[in-house]
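Colleague: Mind having a look at this structure? Questions to follow.
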Amino acid sequence: MTVKDDCIFCKIANHEIESNYVYEDDLVCAFRDMSPLAPTHVLIVPKQHYDSIMDDVPAEVLAAIAHAVKEIAKSEGITESGLRCVTNVGEDGGQTVKHFHVHVLGGRKLSPDMGEGFAK
Ligand code: AMP
């Protein structure tokens, strides 16, 4: 298992630090963003460390993330109303935590052009 000692999302994904979890399987877990931009704002993170989606992320991990999106949508009751999935990469992409994660946002109408911020 590849984890980084100084990575907060590695610690949360492996329960070294507990969080507000909404989904978990062998490969990924999902927890509520500490600064939510929408009624549903969940972060899906792999349990192993990858810097971003640009890293060598195995297909099975990407599939687990896609599965998690659907399970979270169901449990949050936003399958019909819709949602947005975002993954930020690097400085221009606005990535602040250097552990690959996918934001799942929903529960309100999000701007179609995504604005300056992805949830505005
Ligand atoms: P990004 O800017 O795409 O890297 O997103 C990082 C997200 O992680 C931000 O929306 C933060 O609010 C969120 N975040 C950072 N630290 C934590 C934490 N300990 N628990 C929950 N969410 C966090």
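Its first residue numbered 0, the sequence shown is counted upward by one per residue in numbering that gives the first Met the number 0. All residues carry an ideal CB built from backbone N, CA and C; glycine is no exception.
Run the proximity test for MET33: is its beta-carbon closer than 7 Å to any non-hydrogen atom belonging to the ligand AMP?
Modeller: Yes, since a heavy atom of the ligand AMP falls inside the 7 Å radius drawn around the Cβ of MET33.
Colleague: Cα-Cα, which of ASP5, VAL103, ASP50 is closest to SER34?
Modeller: Nearest of ASP5, VAL103, ASP50 to SER34, Cα basis: VAL103.
Colleague: Can you determine whether any heavy atom of the ligand AMP sits closer than 7 Å to the C-beta of ILE77, and answer yes or no?
Modeller: It does not: the Cβ of ILE77 is nowhere closer than 7 Å to a heavy atom of the ligand AMP.
Colleague: Following the continuous alpha helix (DSSP H) through PHE8, name the residue where it begins and the one where it ends.
Modeller: 7 to 12 is the span of the alpha helix (DSSP H), which, as asked, contains PHE8.
Colleague: Could you tell me if the beta carbon of GLY105 falls within a distance shorter than 7 Å of some heavy atom in the ligand AMP?
Modeller: No - the ligand AMP has no heavy atom lying nearer than 7 Å to the Cβ of GLY105.
Colleague: Does the contact criterion of 3 or more C-beta pairs under 8 Å hold for the segment 66 to 82 versus the segment 91 to 99?
Modeller: As far as the Cβ criterion goes, the segment 66 to 82 does not touch the segment 91 to 99, which means the pair count is below three.
Colleague: Kindly examine the ligand AMP and report whether one of its heavy atoms sits closer than 7 Å to the Cβ of LEU109.
Modeller: Checking every heavy atom of the ligand AMP against the Cβ of LEU109, none is found closer than 7 Å.
Colleague: From this set, TYR49, ASP32, PHE30, which residue's C-alpha is nearest GLY89's C-alpha?
Modeller: Comparing Cα positions, the closest option is TYR49.
Colleague: From which residue to which residue does the alpha helix (DSSP H) around VAL68 run?
Modeller: Run containing VAL68: 58 to 75, per the alpha helix (DSSP H) assignment.
Colleague: On the three-pair Cβ rule with 8 Å, is the segment 37 to 49 touching the segment 6 to 18?
Modeller: Counting Cβ pairs under 8 Å, three or more are found: they touch.
Colleague: Which complete beta strand (DSSP E) runs does the segment 24 to 49 hold, if anything under 3 residues is left out?
Modeller: Whole beta strand (DSSP E) segments, 3+ residues: 27 to 31, 39 to 45.
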